[in-house]
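Working notes for the structure below.
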């Protein structure tokens, strides 16, 4: 388990940044398809994907969205953050084997503990794959928590 502290609203500063990184594995694509119900063959069927505009299998677009959620929940502001909204624009496809870096930046502190955050995702070549912005409700107090690992499972 990993211990993580959040950054409460009062401690957040415009321009403050954080990063979250994950490599996209075959298992991630399979689990995301099982969890979401999105079985689009461009994600799961190599033969179908080879005939698509991408010429190979790609990750689900919302997989990147899930990584943004993880970055906000686990890095900045961190545990206790509540999502209010997310805007995303997909710029480039994400492929199996890509290493994605979510870059967060505090854009604006709003009344009532609300915060606007830039939520951009880059691949290992520093190419923007998702441009986004979130509005969140920041934690009100400092908390340090243990991040519990989910159980290891096999999708059916």
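Residue numbers (my numbering): -10 to 145.
We put the beta carbon where it would ideally sit given N, CA and C, even for glycine.
C-alpha gap between residue 119 and residue 79, whole angstroms: The residue labelled residue 119 in the question sits at position 130 within the chain shown. The residue labelled residue 79 in the question sits at position 90 within the chain shown. Rounded to whole angstroms, residue 119 to residue 79 spans 5 Å at the Cα level.
Rank 111, 16, 63 and 58 by C-alpha distance to the C-alpha of residue 124 and give the top, closest one. As a working mapping, residue 124 is identified with position 135 in the chain shown. Of the candidates 111, 16, 63 and 58, the one whose C-alpha sits nearest the C-alpha of residue 124 is 58.
Are the stretch 51 to 71 and the stretch 86 to 101 touching by the rule of at least three beta carbon pairs closer than 8 Å? Proximity of the stretch 51 to 71 to the stretch 86 to 101 meets the contact definition, three or more beta-carbon pairs being nearer than 8 Å.
Are the Cβ atoms of residue 30 and residue 129 separated by less than 8 Å? Translated into the one-based positions of the chain shown, residue 30 becomes position 41. Translated into the one-based positions of the chain shown, residue 129 becomes position 140. Residue 30 is not a Cβ neighbour of residue 129, given a cutoff of 8 Å.
Residue 3 versus residue 45: straight-line alpha-carbon distance, rounded: The residue labelled residue 3 in the question sits at position 14 within the chain shown. The residue labelled residue 45 in the question sits at position 56 within the chain shown. For the pair residue 3 and residue 45, the Cα-to-Cα distance works out to about 40 Å.
Return the first residue and the last residue of the alpha helix (DSSP H) that residue 56 is part of. Here residue 56 refers to the residue found at position 67 of the chain shown. That run of the alpha helix (DSSP H) goes 50 to 63.
Quick one: Cα of residue 36 to Cα of residue 141, how far? Stepping through the chain shown from its first residue, residue 36 is reached at position 47. Stepping through the chain shown from its first residue, residue 141 is reached at position 152. Residue 36 and residue 141: Cα-Cα distance of roughly 29 Å.
Mind checking whether residue 71 and residue 126 have CB atoms under 8 Å apart? Along the chain shown, one-based indexing puts residue 71 at 82. Along the chain shown, one-based indexing puts residue 126 at 137. Yes, Cβ-Cβ distance for residue 71 and residue 126 is below 8 Å.
Given this structure, state the Cα-to-Cα distance separating residue 68 from residue 136, to the nearest angstrom. Position 79 of the chain shown, counting from 1, holds the residue named residue 68. Position 147 of the chain shown, counting from 1, holds the residue named residue 136. Between residue 68 and residue 136, the alpha-carbon positions lie close to 9 Å from each other.
Straight-line CA distance for residue 5 to residue 106? By one-based count along the chain shown, residue 5 stands at place 16. By one-based count along the chain shown, residue 106 stands at place 117. Going by C-alpha positions, residue 5 is about 10 Å away from residue 106.
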